[in-house]
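Participant: Just dropping this structure here.
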Amino acid sequence: MEKVNQNISNSIRAAFSLPTNRYVLPAVHLAMVLLLEMFLYFYYHASIYLALLSPVLALFYVFAVRLVAGTQVGYATVRRVSATHAFFLMLILITAAIDALARAGLRAFLTASLALAGFMYIILRGEFLGRAQAAAFLALYFALLFMPLMLKLGVLLSLASVAPVLASYAATAAFLIVAGRYTEKKIGYKMLEASKRALEAWMIGYTPGLEMLFETNSTQVNVKTYALELNYGDQKDVIVVPPLHPGPFKGVGGYNLTELVHQEMKKLGYRNCIVLHSASNHDMNPASRSEALRYARSLRESAAMSPLDDACLLAQEGEFFYHYGICSESFKLIIADPKVTMDDYPQGYILKVLSAGQDVMIVDSHNKLSTTSPQVNYDEPLELALRCSGGCKEKMFADVKRLSFTSEEVGEAGIHAVYISNGTTDLRLLVVDSNNAVPEAYEAVKGCGYVLVTTDTHVSATSKNKKGYWAFGEIADIKALCRELQSITFEPHEVRLSMLKWTHKVKVVQNGMALIREAMSGSLKYFKYYLATTAIIYLAAFVV
1242 MEKVNQNISN SIRAAFSLPT NRYVLPAVHL AMVLLLEMFL YFYYHASIYL ALLSPVLALF
1302 YVFAVRLVAG TQVGYATVRR VSATHAFFLM LILITAAIDA LARAGLRAFL TASLALAGFM
1362 YIILRGEFLG RAQAAAFLAL YFALLFMPLM LKLGVLLSLA SVAPVLASYA ATAAFLIVAG
1422 RYTEKKIGYK MLEASKRALE AWMIGYTPGL EMLFETNSTQ VNVKTYALEL NYGDQKDVIV
1482 VPPLHPGPFK GVGGYNLTEL VHQEMKKLGY RNCIVLHSAS NHDMNPASRS EALRYARSLR
1542 ESAAMSPLDD ACLLAQEGEF FYHYGICSES FKLIIADPKV TMDDYPQGYI LKVLSAGQDV
1602 MIVDSHNKLS TTSPQVNYDE PLELALRCSG GCKEKMFADV KRLSFTSEEV GEAGIHAVYI
1662 SNGTTDLRLL VVDSNNAVPE AYEAVKGCGY VLVTTDTHVS ATSKNKKGYW AFGEIADIKA
1722 LCRELQSITF EPHEVRLSML KWTHKVKVVQ NGMALIREAM SGSLKYFKYY LATTAIIYLA
1782 AFVV
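This is the structure:
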C-alpha cells in the first residue's frame, strides 16, 4: 500500500485535517446555518424568530446528538461533524441560489433539497452511524434547517414534487446494494462499513474495527529479522532491522513498531537500540496492534548468532544510491542512501531480499521526503550486497551516543549518532525515529558529516498539514541539532561485531491491501454513476 494508499488517504486527510485551526470548521458551520436561515427569512418570508434559533439548534446537534450516538465527542469529532454539515449547507445554498435565479419557487427549492437527502444519507452512514441512526439524524437536521418554513411545507404534497425525492431514495438504495455486494465479495465487508471503519480509526486514533478488516484480509508470512550487535566487552549496543513496516497510521497496526522493538531490546540489557527501516512498504504492515506487539516480544527469544570477525566497512557510490554498511562472508548490512527524493520500496521487495539465498538486509534510509516515485533501480543495493564479501582483518572501533535533542516529529526511540571505524574509514550515521525527512534536514545533517537515516515511525501524526504527519525537519530546529552533533565527542572502543537472526511467522496486510484498494476503487466507479443519476434527479426537481 503506497503510503496508506495515498490516492485515497491523502484526500481524506486533506478534507478532515485542514484547516489547522480547530475552531474554523465549527464556526463555518454555524455561520452557514445563520446565512441560510436569513436567506429563508428574506426570500421566502420565513419566521425570523426560528431563523435566529437555528444556530443554537445546530450546536445542540453537533454536541448532544453525537453524544447520544455513543461516539467519542472530542474536537476531532466536532470538526468532522461540522465539516460534514457545512458541506450539506453548501449544497442547500447552491440549491437556493439556483431557485432564486430560475425563479422556480418554494416548492422547487424544498423538493430539490430533499432530493439531496439520499446523497447526504450516504455521507452520514460514513460518519460512524448505523442505518437507522443516519436516517433519524438526517430527518432531525432537515427539520432544524427548515423550521422557519414548517408552516409552508404543504406545497410538497403534490405527486410531482414528491417524485424526485422518491427517485433519489431509490438511486441511493440501488447504489448501496450494488457497491455493498461488490466490496463484500472482495474483502468481506460492505463498502460503507469498510469506509466507516477506516474513517473512524483516522479521526479517533484507534478502534478495533479497521484492524478486524485488516485481520480478515491478512496473510501469514515467514520472515527473518536481522540485527548487528556491537559488543564492547562490558557493554553492548544493537542495530535492529525489522522486516515489517511501521503503519498504517497512528493508533492502528504497527504504527509504533520502532518503539516496541526499541523497548524490547532495551529490556535485554542493550545500552542503546537503533531500529532501522527495511526495504519494505505498507504491504508489510502488521495486521493489528496485538500482532505488532507479539512480534516485538518474540525478539526476547534466543537468536541465532554469528561472529563477524572478517567484516569490512562499505562506503561506495552507485548510479542511484550511496551505499554504506558492513560486509562479511556470513552477513551483509547495506544502508541505501538514495540520490533522489523517493518513498518506500516497491511492494513485496523485502521478501525478495529475504529470499536472496544469503543473510542480507537492505536498509531504506527514508531520508528525502517525496510525493513522486522516480525511476530508480531498487535492485542496485541488493546486487552490491550479493557481490561484496568480507576478508578484512582490521580491528573495528565503535561508539553510539543518544542525543538529548527532541522534537514533535521524533518518536520514543529518539536520535542516535552511530560511529564505526576500521582505523582508516569512518561511518557516521544519524538515526532519527521519525517519518521521513525534508531534503533541507538531510543536507544540513550531511554538512555535519553524517548520513541521515529515519525509521519511518508513524507516531508523529498531526492535523496541521495535508500529509497528516510531521517529517523530520518540518518543525525541528536543525541548527540546534547540528550544534549538538558538533559537540559530540565519540569514545571509540574496540568492538566485536556479531549478526543476530530471528525467524518469525507474522500476519501482515500484504495482498489484503491490493484487495482493499481494488474493492474501494470498484465502489468509486459505482459512486460516479450514482452521482450522475443524483445530479439528473436534482435538476429535474426544478422542472417538475
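Under the working numbering, think of the first position of the sequence shown as 1242, with each following residue one higher.
Built from N, CA and C at the ideal position, the CB exists for glycine as well.
In this text, all values refer to a predicted model and were calculated from it rather than measured experimentally.
1. DSSP three-state call for TYR1447: helix, strand or coil?
2. Return the CA-CA distance between TYR1264 and LEU1668, expressed in angstroms with no decimal places.
3. Take the Cβ of VAL1659 as the centre, count every other Cβ of all protein chains shown within 10 Å, and call the residue buried at 16 or more, exposed below.
4. Tell me whether ILE1716 sits in a helix, a strand or coil according to DSSP, three-state version.
5. Whole angstroms is fine: what's the gap from LEU1370's alpha carbon to GLY1421's?
6. With distances taken Cα to Cα, identify the nearest neighbour of PHE1638 among VAL1692, ALA1415 and THR1666.
7. Return the Cβ separation of HIS1657 and VAL1679 in integer angstroms, given the expectation that the two are a contact with Cβ distance under 8 Å.
8. Starting from GLN1751 and walking both ways along the beta strand (DSSP E), at which residues does that stretch end?
9. DSSP has THR1460 in a bridge; who is on the other side?
10. Just list the alpha helix (DSSP H) runs in the segment 1527–1553, keeping only unbroken ones of 4 residues or longer that don't cross its boundaries, in chain order.
11. In the DSSP assignment, find the unbroken alpha helix (DSSP H) run with HIS1270 in it and report its ends.
12. Does the segment 1493–1504 come into contact with the segment 1694–1710, if we say contact requires no fewer than three beta-carbon pairs (one atom in each stretch) closer than 8 Å?
13. ALA1356 lies in the alpha helix (DSSP H); which residues open and close that run?
14. Can you tell me which of the three DSSP states MET1793 falls into?
15. If you count every other CB in all the chains shown that lies within 10 Å of the CB of ARG1320, and 16 or more means buried, which is it?
16. Work out the CA separation of ASN1463 and ILE1778 for me, nearest whole Å.
17. Roughly how many angstroms lie between the CA atoms of SER1519 and SER1323, to the nearest whole one?
18. Throw me the rounded Cβ distance for the TRP1711 and GLU1650 pair, which I believe falls under 8 Å.
19. Determine the contact status of LYS1748 and GLU1456, defining contact as a CB-CB distance below 8 Å.
20. Does the Cβ of PRO1579 have 16 or more other Cβ atoms within 10 Å, making it buried, or fewer, making it exposed?
21. Let me check one thing: in DSSP terms, what residues is PHE1562 bridge-paired to?
22. Taking SER1739 as the reference, give the member of GLY1763, VAL1694, LEU1485 and ASP1478 with the closest Cα.
Facilitator: The answer reads as follows:
1. Against the sequence shown, residue 1447 aligns to sequence position 206. In the structure shown, TYR1447 sits in coil (DSSP, three-state: anything other than H, G, I, E or B).
2. Reading the sequence shown from its first residue, position 23 is the one you call residue 1264. Reading the sequence shown from its first residue, position 427 is the one you call residue 1668. If you draw a straight line from the Cα of TYR1264 to the Cα of LEU1668, it is about 48 Å long.
3. The residue given as residue 1659 occupies position 418 in the sequence shown. So VAL1659 counts as buried.
4. Taking the sequence shown and counting its residues from 1, the one referred to as residue 1716 is at position 475. The DSSP-derived three-state label of ILE1716 is coil.
5. Along the sequence shown, one-based indexing puts residue 1370 at 129. Along the sequence shown, one-based indexing puts residue 1421 at 180. Distance between the alpha carbons of LEU1370 and GLY1421: 16 Å.
6. The residue labelled residue 1638 in the question sits at position 397 within the sequence shown. Per the Cα distances, THR1666.
7. Here the question's residue 1657 lines up with position 416 in the sequence shown. Here the question's residue 1679 lines up with position 438 in the sequence shown. In fact, because the Cβ distance is near 20 Å, the residues do not count as touching under 8 Å.
8. Along the sequence shown, read from residue 1 onward, the residue named residue 1751 stands at position 510. Careful: GLN1751 lies outside any beta strand (DSSP E), inside the alpha helix (DSSP H) at 1751–1784.
9. As a working note, residue 1460 is residue 219 in the sequence shown. THR1460 pairs with VAL1749.
10. Counting whole runs of 4 or more residues, the segment 1527–1553 contains the alpha helix (DSSP H) stretches 1530–1539.
11. Residue 1270 sits at position 29 when you count from the first residue of the sequence shown. Segment 1265–1285, the alpha helix (DSSP H) holding HIS1270.
12. Contact holds: three or more Cβ-Cβ distances are below 8 Å.
13. Indexing the sequence shown from 1 puts residue 1356 at position 115. Annotation: the continuous alpha helix (DSSP H) that includes ALA1356 extends over 1347–1356.
14. Look at the range of the chain in this structure, 1242 to 1785, and you will see that residue 1793 is not part of it.
15. Within the sequence shown, residue 1320 is the residue found at index 79, counting from 1. ARG1320 should be labelled buried.
16. Taking the sequence shown and counting its residues from 1, one reaches residue 1778 at position 537. Taking the sequence shown and counting its residues from 1, one reaches residue 1463 at position 222. The alpha-carbon atoms of ILE1778 and ASN1463 are separated by roughly 53 Å.
17. By one-based count along the sequence shown, residue 1519 stands at place 278. By one-based count along the sequence shown, residue 1323 stands at place 82. Distance between the alpha carbons of SER1519 and SER1323: 40 Å.
18. Here residue 1711 refers to the residue found at position 470 when the sequence shown is read from its first residue. Here residue 1650 refers to the residue found at position 409 when the sequence shown is read from its first residue. With 8 Å as the limit, TRP1711 and GLU1650 qualify as a contact, their Cβ atoms being about 4 Å apart.
19. Translated into the one-based positions of the sequence shown, residue 1748 becomes position 507. Translated into the one-based positions of the sequence shown, residue 1456 becomes position 215. Yes, Cβ-Cβ distance for LYS1748 and GLU1456 is below 8 Å.
20. For the purposes of this step, residue 1579 is taken as the residue at position 338 of the sequence shown. Around the C-beta of PRO1579, 16 or more other C-beta atoms lie within 10 Å, and the residue is accordingly described as buried.
21. Along the sequence shown, read from residue 1 onward, the residue named residue 1562 stands at position 321. PRO1579, per the DSSP bridge assignment.
22. As a working note, residue 1739 is residue 498 in the sequence shown. The shortest C-alpha separation from SER1739 is found at ASP1478.
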